[in-house]
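Undergrad: I have a structure I would like to understand better, so I am pasting it below and will then ask my questions one at a time.
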Amino acid sequence: MNKVIADSVLTASAHAEAMKEYFAKGIEQARALGNRGPIRLGRDGKLHPDILDAYWELGFYVFEGVVGPEELAELRADVATMLDHAPVSPDATLDAKGRPAFGREFTRPPYRFAKPLSDPLGGTSQNKGRHPVKMHEATPDEGAPALTVELLHGNLHLMDAALRLYGHPGLMAVAEAVLGPDFVPYNEVTFIKQPGLGPSVAWHRDGTTHWDSPDWDHGAHGFNFMTQLYPSTAGNCVWILPGSHKIRRLDIKQMVLDAGSERIPGTIPLLGEAGDTFMLNRQMVHGSFANTSPDLRVTLNMGFFPRARVQDVTVTHLDGRVVTFTSEQIHERTRMIAIGIDARRQRFPEETPYRYQPLAGEENENRWNEETRLNVVKDYNLRDMYI
Ligand SMILES: O=C(O)CCC(=O)C(=O)O
Ligand SMILES: [Fe+2]
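Just so it is clear: in the sequence shown, position 134 is 134 by this note's numbering, and no numbers are missing.
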């Protein structure tokens, strides 16, 4: 455990008081920035340049009303089913109701657990040491479970509604505008912050590969879309340091030392309503606090990279595996985009589907059906890419 957090000596009530002030200031600053609104596309289908400018300036954008009520209900229902059938503990074969737990057929375990209100990553060498400082850990109420599900891994093979969201034409158009038409996938995970239980995600920057590349730039590590299934509030949300995606060298541990606490000055909450999607540059300093609030947050992440930052690049994954991404691997992994688009077309036939140029002409191989569910979609996340 590191010693840099002065908060470790604060009483729970003093900590709560300090957080209250920090929240109020952050909310005010977030409101003043105002880079939010619906996805605005021109008649040519391209994203409005004002949105792109705002994204590159601050490193994030809040797209309002991306998911309508019907789709939102389907997404919520799929997540609820996943949680209802979760194993009672990481190695258990049964769920809380004594039924066989979901997810044992997938190679990568879909459920990740943590102790309620803990910080499992901060100040450890996990995830390539990219979370250098431990956050304040709160004491859960009596009767809290020993472990809470904090993450689902592999949204697209776990939840059909998430696969349909993946093909969202507005989000695809945004990805194209930011990364070019040959954008490639990262991974798809669900962050779950149960009220009174959700653990923190210590301050970090997602990207770890290209900081020293001679052609490093503000978009070198791509971005994440974060779709909110419930309101994202100061108490449960991801906090960010706007503009930090432009800073090549930055010492999070020193920032916390300078602040005297985990409340880094200038950080703001990513506030939004159910159905909003945040776009967050993966070079931004960000993190979330233990969810001591009464409000559930469920966030569906789907990330994308510029192809040139991945193609033939050798990386060390967060779990230590060393991999070089070949054209064949990238091609196979991008099929999930085409299958997502087809799954969406079947469910929302009134929409104009996005056309993913790199796989144009391969639509017939990339239909969404029971065959591709088994042969392409199942275990697709073994091919996740990371930079
Ligand atoms: O949702 C959270 O609390 C953390 C999210 C995060 O770190 C990420 O999406 O990269
Ligand atoms: Fe992150």
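Think of the CB as a built atom: it goes at the ideal place given N, C-alpha and C, for glycine as much as any other residue.
Ordered along the chain, which non-local residues of its own chain (more than five positions away) have a Cβ less than 7 Å from that of Leu318?
TA: The residues are Asn127, Lys128, Tyr386.
Undergrad: Any heavy atom of ligand 1 within a distance shorter than 7 Å of the CB on Val201?
TA: Yes, Cβ of Val201 sits closer than 7 Å to a heavy atom of ligand 1.
Undergrad: Check this for me: beta carbons of Asn301 and Asn224, under 8 Å apart or not?
TA: The answer is yes: Cβ separation under 8 Å.
Undergrad: What residue range does the beta strand (DSSP E) around Val149 cover?
TA: First-last of the beta strand (DSSP E) with Val149: 148 to 153.
Undergrad: Ser200 to Glu365, Cα distance in whole Å?
TA: Each residue's Cα considered, the two are about 41 Å apart.
Undergrad: Does the Cβ of Thr190 lie closer than 7 Å to at least one heavy atom of ligand 1?
TA: No - ligand 1 has no heavy atom lying nearer than 7 Å to the Cβ of Thr190.
Undergrad: Rounded to a whole number of angstroms, what is the C-alpha to C-alpha distance between Leu241 and Leu257?
TA: Answer to the nearest angstrom: the Cα atoms are 16 Å apart.
Undergrad: For ligand 2, I want to know if His153 counts as a neighbour, meaning its beta carbon is within less than 7 Å of at least one of the ligand's heavy atoms.
TA: It does not: the Cβ of His153 is nowhere closer than 7 Å to a heavy atom of ligand 2.
Undergrad: At what residue ranges does the segment 134 to 211 contain a whole run of the beta strand (DSSP E), taking only runs of 3 or more?
TA: Complete beta strand (DSSP E) runs here, min 3: 148 to 153, 184 to 193, 201 to 204.
Undergrad: Under the three-state reduction of DSSP, which class applies to Tyr61: helix, strand or coil?
TA: Strand.
Undergrad: Confirm, please, whether the CB-CB distance from Val310 to Arg205 is below 8 Å.
TA: No; because the gap between Cβ atoms is not below 8 Å, this pair is not in contact.
Undergrad: Taking the Cβ atom as the reference point for each residue, do Thr233 and Ser293 lie within a distance shorter than 8 Å?
TA: Contact flag set, yes.
Undergrad: Looking only at its own chain, which residues have a Cβ that is under 6 Å from the Cβ of Val189, when we skip the five neighbours before and after it?
TA: Cβ neighbours of Val189 beyond the five flanking positions: Leu151, His153, Asn301.
Undergrad: Is Asp84 near ligand 2 - that is, is its Cβ less than 7 Å away from at least one heavy atom of it?
TA: Checking every heavy atom of ligand 2 against the Cβ of Asp84, none is found closer than 7 Å.
Undergrad: How many whole angstroms separate the CB atoms of Trp203 and Ile264, which I take to be in contact at a CB cut-off of 8 Å?
TA: Contact flag correct, Cβ pair sits at about 7 Å.
Undergrad: Under three-state DSSP, which class holds Gln283?
TA: Reduced to three states, the DSSP call for Gln283 is coil.
Undergrad: What number of angstroms, rounded off, separates the C-alpha of His218 from the C-alpha of Asp182?
TA: Rounded to the nearest angstrom, the two C-alpha atoms are 18 Å apart.
Undergrad: What is the C-beta distance between Thr139 and Ala12, in whole angstroms, given that I count them as a contact (C-beta under 8 Å)?
TA: 7 Å between Cβ atoms; contact.
Undergrad: The alpha helix (DSSP H) with Thr334 in it runs from where to where?
TA: It spans 327 to 347 - the alpha helix (DSSP H) in which Thr334 sits, taken as one unbroken run.
Undergrad: Where do the N-terminal and C-terminal ends of the alpha helix (DSSP H) with Met255 fall, by residue?
TA: Residues 252 to 259.
Undergrad: Mind checking which residues open and close the beta strand (DSSP E) that includes Val313?
TA: Per DSSP, Val313 belongs to no beta strand (DSSP E) and is neither H nor E.
Undergrad: Using the Cα positions of Glu351 and Val376, report the straight-line distance between them to the nearest angstrom.
TA: Cα to Cα, the separation comes out at about 25 Å.
Undergrad: Can His317 be considered in contact with ligand 2, in the sense that its beta carbon sits closer than 7 Å to one or more heavy atoms?
TA: For ligand 2, not one heavy atom lies less than 7 Å from the Cβ of His317.
Undergrad: May I have the straight-line CA-CA distance separating Gly275 from Glu64, to the nearest angstrom?
TA: Spanning the two alpha carbons is a distance of roughly 7 Å.
Undergrad: If you follow the beta strand (DSSP E) that Ala114 is in, where does it begin and where does it stop?
TA: Here the beta strand (DSSP E) through Ala114 covers 111 to 114.
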